[in-house]
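Quick mapping for you: the protein sequence lines, in order, are chains A and B.
Residues in the first sequence are numbered consecutively from 0, following numbering that gives the first Met the number 0.
Residues in the second sequence are numbered consecutively from 0, following numbering that gives the first Met the number 0.
Since the structure comes first, as structure tokens, the remarks are kept for the end.
2 protein chains.
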Amino acid sequence: MMHLRTHPGLKSVLIISPFVLVMAALLFSHCAGPDDGEEALTGLQEKALAFTAPLPEDAFEDGMERCEERIELGKMLFFEPRLSKSGLISCNTCHNMSTFGVDQLPVSIGHMWQKGPRNAPTVLNAALHNSQFWDGREPDVESQAIMPILDELEMAATEEHVLAVLGSMPEYVDRFERVFADEEDPMVYENVGVALGAFERILLTPYSPFDNFLRGDADALSDKEKQGLQVFMDVGCQSCHGGAALGGGAFAVFETPAERESGESDLGRFDITGNELHRHSFKVPSLLNIAQTYPYLHDGSVWSLGETVDIVARDMLNEELTEEQNEQIVAFLKALTGEIPAYALEKPILPESTPETPRPGFD
Amino acid sequence: MMHLRTHPGLKSVLIISPFVLVMAALLFSHCAGPDDGEEALTGLQEKALAFTAPLPEDAFEDGMERCEERIELGKMLFFEPRLSKSGLISCNTCHNMSTFGVDQLPVSIGHMWQKGPRNAPTVLNAALHNSQFWDGREPDVESQAIMPILDELEMAATEEHVLAVLGSMPEYVDRFERVFADEEDPMVYENVGVALGAFERILLTPYSPFDNFLRGDADALSDKEKQGLQVFMDVGCQSCHGGAALGGGAFAVFETPAERESGESDLGRFDITGNELHRHSFKVPSLLNIAQTYPYLHDGSVWSLGETVDIVARDMLNEELTEEQNEQIVAFLKALTGEIPAYALEKPILPESTPETPRPGFD
């Protein structure tokens with residue numbers, strides 16, 4: 000039976016989160032084996048299911064059924080520029096839904112045109128990661144989402160500003176009261192993150208060719224993509240890029256070629272933990288929608304996906320890929336582009352400011 | 000018959016565009032008179048129809064039927080940050096659909112955090128204006144739309160940059176070839192404006208309470224809103240704020256209180272024409288969705304709608320409004336908020352960059 004064969008595989012991947020196991024269990028219930036008269040999985044599908052799992056198909060419907068109002072509020076906040084000091088920058092500025100949850104810039108541009116220190120990761124599927132930010136300093140999307148609002152390089156607001164903005168508009172006050180009805184003080188800064196996190200949790204992108212392949216359609220990948228998947232596994236990419244998000248779990252010590260050349264390398268997780276073992280250590284990025292979330296690496300210094308594959312294979316796995324292998328892996332990576340929920344692309348109409356709404360600050 | 004009574008009224012308003020007359024003619028065909036057994040228009044409705052007209056209800060459907068591909072391309076371009084030099088700023092940055100086609104800032108923030116000289120007008124219903132920009136220097140939305148892309152304070156691009164960006168992506172090349180199939184060179188800079196203009200032409204916002212009132216529903220306005228409409232007409236606001244957009248036609252000499260105080264007043268249309276009569280002359284803004292398109296006046300110096308009404312009544316009409324009159328007019332103005340087409344709020348998924356796509360420039 001399939002789960003007997005895949006289960007040990009799943010366990011052997013260090014970064015598997017409990018979520019993946021739950022998803023895998025769900026998967027097995029309707030991805031029937033040959034004894035049910037359905038088509039057997041191919042060997043390649045089974046090998047892939049040993050290190051990853053299809054994305055849940057019902058995350059959106061399930062989320063909306065269980066907490067639609069919270070998600071709706073989170074979406075409003077995601078698109079709300081008045082959370083920023085300037086009134087210009089929203090989460091969507093750097094995590095643009097039209098470009099797969101990123102800004103496609105090396106590093107983001109924030110308040111007063113300041114540059115951030117690292118490439119902005121996509122919000123798509125971020126809820127599947129074991130931790131948030133390149134240095135993993137926040138545990139989940141709820142705690143992550145409220146940090147850039149306060150970062151003086153990004154949205155440059157204060158908690159007081161955010162609560163004054165939201166508290167000035169009856170629609171937001173009503174929504175917080177409804178969504179956090181059981182709390183004594185519904186409008187606290189933490190709840191901004193709870194709502195944003197609820198929205199982020201529905202930002203999964205199933206139905207990529209690879210996702211369909213994992214779900215049972217052996218023809219969802221082309222021959223070249225399958226060869227790419229095989230090379231991906233042969234050289235060992237999945238040892239870090241495993242789990243449902245193909246990354247987002249483990250940490251790895253990594254310097255980009257640009258950093259090595261300049262002699263100025265980001266200290267990564269060391270800045271958070273002070274642990275020498277974490278010097279230049281970064282969260283392994285997810286590979287889902289990787290073809291759209293360029294430029295690559297934590298400093299956004301490489302624009303080419305093929306070049307990135309060569310760099311990472313060489314530096315992390317000590318593998319010199321042939322040109323053919325590189326092209327095959329790139330073909331496989333392009334088969335990781337899934338579907339953004341239509342709901343996330345529908346911009347909300349934001350409530351009207353009132354005389355009490357803080358005015359934008361440009362400096 | 001209604002059209003006999005309203006027609007002279009329409010002619011007496013100087014800024015009526017041919018479009019309004021066409022719309023009015025269409026209106027009369029299905030807004031039947033009492034002899035058809037339908038309810039007669041009230042006197043207040045008839046007076047209002049003498050200086051304005053309901054917005055066409057079928058602009059969206061009609062546009063999509065006649066040129067869906069052009070509108071679709073225009074929407075992509077509207078949300079396309081790669082048209083800007085930085086790769087960060089799109090039309091939607093300053094004309095945010097979530098906030099009624101404006102940024103709700105005094106003046107816009109553009110490339111390198113530079114401030115624009117004037118408040119950004121809304122793109123909603125802009126296609127109904129007789130000219131574009133505060134100084135009316137462009138005749139239509141097609142010619143207007145391509146200017147901010149090149150403005151070094153705004154998107155800071157060049158025509159070459161824009162054509163290189165669009166020409167680098169097969170999806171855009173295909174779309175331009177389909178939309179401009181009868182042209183020898185479909186991808187020319189002017190056609191960026193043609194597509195953007197097609198999208199803007201569906202950005203009308205019918206079904207405000209006042210729009211419904213004009214279309215025949217006498218109960219669509221509350222008593223206070225009706226009193227406001229009466230005061231609006233009594234003091235003569237409609238002499239400039241007439242036409243379907245309640246503005247967007249005439250020009251008026253105007254200094255804001257902030258300008259008078261600073262002694263530095265925008266020369267307005269004079270800078271374009273050199274005509275002394277145009278010194279400090281500005282296009283009269285549309286009042287549609289005015290409650291959402293704060294802050295007000297060409298320098299965005301006034302946040303309160305009530306204060307703006309007092310300033311304009313005093314400076315343009317030499318009228319000192321009572322507090323009651325002011326509140327009534329404000330109530331009427333709040334009844335001018337219509338419905339943004341859902342289509343315009345649905346963000347497009349943008350095509351993937353290629354190695355040929357120009358890289359973002361941050362300075």
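Note that beta-carbon positions come from the ideal geometry of N, C-alpha and C, so glycine has one too.
Everything numeric in this text was worked out from a predicted model, so none of it was measured.
- Counting along the chain, the unbroken beta strand (DSSP E) around F281/A starts and ends at S280 to K282.
- For P185/B and F175/B, the gap between their C-alpha atoms comes out near 6 Å.
- Pairing M146/B with E159/B gives a Cβ-Cβ distance that is not under 8 Å.
- Under a 10 Å Cβ-count criterion, G273/A is classified as exposed, with fewer than 16 other Cβ atoms of the shown protein chains found around its own Cβ.
- Judged by pairs of C-beta atoms under 8 Å, the segment 118-134 of chain B touches the segment 246-260 of chain B, as three or more such pairs exist.
- Apart from sequence neighbours up to five positions away, the residues of its chain that approach Y171/B with a beta-carbon distance below 7 Å are L165 and P350, ordered along the chain.
- Across the segment 274-303 of chain B, CB contacts with chain A closer than 8 Å involve A290, Q291, Y293, W302 and S303, in sequence order along the chain.
- Distances from the CA of L266/A to each of R259/A, R278/A, T255/A and V311/A were compared; the closest alpha carbon is that of R278/A.
- Under DSSP, Q131/B shares a beta bridge with E137/B.
- With a beta-carbon spacing of about 7 Å, S352/B and Q103/A fall inside the 8 Å limit used to define contacts.
- In this structure, I88/A lies near P80/A, with their beta-carbon atoms less than 8 Å apart.
- When 7 Å is used as the limit between beta carbons, S97/A is near these residues of chain B: F78, K346, P347, I348 and L349, in chain order.
- When the beta-carbon positions are compared, L296/B and L332/B stay at least 8 Å from each other.
- Restricting attention to V329/A, A217/A and D139/A, the CA atom closest to the CA of V193/A is found in D139/A.
- Assignment of K114/B by DSSP, reduced to helix, strand and coil, places it in the strand class.
- Where A251/A is concerned, the enclosing beta strand (DSSP E) starts and stops at F250 to V252.
- If you draw a 10 Å sphere on the C-beta of D134/A, you find 16 or more other C-beta atoms in it, and that means buried.
- Listed along chain B, the residues sitting closer than 9 Å to R358/A by beta-carbon distance are P105, P294 and W302.
- CA-CA distance, M232/B to A47/B, rounds to 8 Å.
- Residues of chain B with a Cβ closer than 7 Å to the Cβ of P185/A do not exist; the shortest Cβ-Cβ separation is about 23 Å.
- Residue burial annotation: S221/B is exposed, with fewer than 16 other C-beta atoms found within 10 angstroms of its C-beta.
- Scanning the segment 234-321 of chain A from its first residue to its last, the whole beta strand (DSSP E) runs of 3-plus residues come out as 250-252 and 280-282.
- At a cut-off of 8 Å between C-beta atoms, L203/A does not count as an interface residue with respect to chain B.
- Residues of chain A whose Cβ lies closer than 8 Å to the Cβ of I108/B are, in chain order, S85, L87 and F361.
- Around the CB of K225/B, 16 or more other CB atoms lie within 10 Å, so the residue is classed as buried.
- For D362/B and P169/B, the gap between their C-alpha atoms comes out near 28 Å.
- Approximately 20 Å separates the beta-carbon atoms of H240/B and L202/B; this is outside 8 Å, ruling out the contact.
- In this structure, DSSP gives I148/A a helical state, which the three-state scheme calls helix.
- Scanning P359/B, L344/B and P357/B for the CA closest to the CA of K74/B turns up L344/B.
- DSSP places V161/B inside the alpha helix (DSSP H), whose first and last residues are E158 to G166.
- With a 10 Å radius around the Cβ and a threshold of 16 neighbouring Cβ atoms, P205/A comes out buried.
- For M111/A, at least one C-beta of chain B is nearer than 8 Å to its own C-beta.
- With respect to D309/A, L320/A sits close: the two C-beta atoms are nearer than 8 Å.
- For the segment 247-259 of chain B, there are no residues whose beta carbon sits under 9 Å from a beta carbon of chain A.
- Excluding its 5 nearest sequence neighbours in each direction, G62/A has C-beta neighbours in its own chain below 8 Å: I70, A197, R200 and I201, listed in chain order.
- Looking at the DSSP output, I108/B bridges to K114/B.
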